[in-house]
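Participant: For any residue, its number in our numbering is found by taking its place in the sequence shown, counting from 1, and adding 48. Backbone N, C-alpha and C define an ideal beta-carbon position, used for all residues, glycine too. First, the structure itself, so that you have it in front of you.
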Amino acid sequence: RERGRPWERQALVRSAALVGDPSVARRFFRAVEPVVWGEPLSEAAVGSLLETRARTEARVDAAERHLKQGPGGIREIEFACQFLQLLHGRHDPSLRAPGTRPALRALARARVISDSECRSLLGAYELQRRLEHLLQLRHDREQELLPEPGPDLDRLAAVLGLSADELVTRLAGHRAAAAGFLARLLRIPFSDA
49 RERGRPWERQ
59 ALVRSAALVG
69 DPSVARRFFR
79 AVEPVVWGEP
89 LSEAAVGSLL
99 ETRARTEARV
109 DAAERHLKQG
119 PGGIREIEFA
129 CQFLQLLHGR
139 HDPSLRAPGT
149 RPALRALARA
159 RVISDSECRS
169 LLGAYELQRR
179 LEHLLQLRHD
189 REQELLPEPG
199 PDLDRLAAVL
209 GLSADELVTR
219 LAGHRAAAAG
229 FLARLLRIPF
239 SDA
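This is the structure in structure tokens:
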């Protein structure tokens with residue numbers, strides 16, 4: 049509680065028990081609940097989260113092809129989702145879903161985001177996750193960069209039933225919408241109140 053940084057609080061929003069003793073998981077989540085949801089985000093915490101995001105973003109090479117990072121990428125969608133969860137989840141437990149997909153749907157049900165924003169963010173998230181998984185299957189390792197135009201991109205697009213141009217256009221549209229959402233969100237003046 050005293051030493052945790054805002055990004056660690058944000059990371060705990062995503063935490064979920066996958067294996068092990070369920071009673072240990074329940075005790076852990078009860079113990080961290082006041083840390084994650086007990087206090088409102090202060091202006092300093094908001095500033096710290098935004099600084100952490102900016103530092104991470106500055107280290108990205110080939111941002112326009114990077115599926116996880118870069119404008120409108122997976123991490124930006126997750127960041128926006130977790131940020132809204134931290135802002136509103138303190139008063140609304142229905143927003144405390146650990147996964148991005150369920151959390152976006154919960155944010156829409158609670159009217160924190162509109163249904164169209166939810167559909168747009170889910171569309172961008174789903175397409176980029178699918179591409180990331182297809183690339184990992186193809187290369188048998190972590191792979192987050194969309195291939196340059198050529199045979200690899202053509203094959204990837206074909207798996208989705210698209211041409212490479214259609215895939216690039218669809219991806220660019222999804223990413224622009226997600227980046228626009230985050231830009232609008234971050235223009236809102238946040239304060240302790």
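Please classify Arg-142: is it buried, with 16 or more other beta-carbons within 10 angstroms of its beta-carbon, or exposed?
Facilitator: The amino acid occupying residue 142 in the given sequence is Ser; Arg does not appear at that position. Result: exposed.
Participant: In the DSSP assignment, the alpha helix (DSSP H) including His-187 goes from what residue to what residue?
Facilitator: Counting along the chain, the alpha helix (DSSP H) containing His-187 begins and ends at 163-187.
Participant: Does the structure place the segment 56-64 close enough to the segment 80-96 that three or more beta carbon pairs sit under 8 Å?
Facilitator: Output reads yes: the segment 56-64 touches the segment 80-96.
Participant: Flag this pair as yes or no: are the beta carbons of Cys-129 and Thr-100 separated by less than 7 Å?
Facilitator: Their beta carbons are not under 7 Å apart, which means Cys-129 does not touch Thr-100 by this criterion.
Participant: Quick check on Ile-236: buried or exposed, where buried means 16 or more other Cβ atoms within 10 Å of its Cβ?
Facilitator: Classification of Ile-236: exposed, given that the 10 Å Cβ count is below 16.
Participant: Counting only the same chain and skipping the five closest in sequence on each side, list residues whose C-beta sits under 7 Å from that of His-114.
Facilitator: Closer than 7 Å at the Cβ level, and outside the excluded window around His-114, lie Val-108, Gly-121, Glu-192 and Leu-193.
Participant: Bridge partners for Leu-193 per DSSP, in chain order?
Facilitator: BP columns for Leu-193 point to His-114.
Participant: Thinking C-beta only, is Ala-151 closer than 7 Å to Cys-166?
Facilitator: Against a cut-off of 7 Å, the Cβ pair of Ala-151 and Cys-166 comes out as no contact.
Participant: So, at 6 Å on beta carbons, what are the nonlocal neighbours of Asp-202 in its own chain, with the 5 sequence-adjacent residues on each side left out?
Facilitator: Here the set comprises Ala-212.
Participant: Which whole-angstrom value describes the C-beta separation of Ala-226 and Leu-169, a residue pair presumed to lie in contact below a C-beta threshold of 8 Å?
Facilitator: That belief holds up - the Cβ atoms of Ala-226 and Leu-169 are roughly 6 Å apart, short of 8 Å.
Participant: Mapping DSSP to helix, strand and coil, what is Asp-240?
Facilitator: Residue confidence is low: Asp-240 scores 43 on pLDDT, short of 50, so the model does not pin down where it sits. Its coordinate-derived value is still stated next. Coil.
Participant: Leaving out the 5 sequence neighbours to the left and right, which residues in its chain are closer than 7 Å to Asp-188 when beta-carbon positions are compared?
Facilitator: Closer than 7 Å at Cβ, skipping near neighbours: no residue.
Participant: Give me, in chain order, the residues of the same chain whose beta-carbon lies closer than 7 Å to that of Arg-51; leave out the 5 immediate sequence neighbours on both sides.
Facilitator: Contacts found: none.
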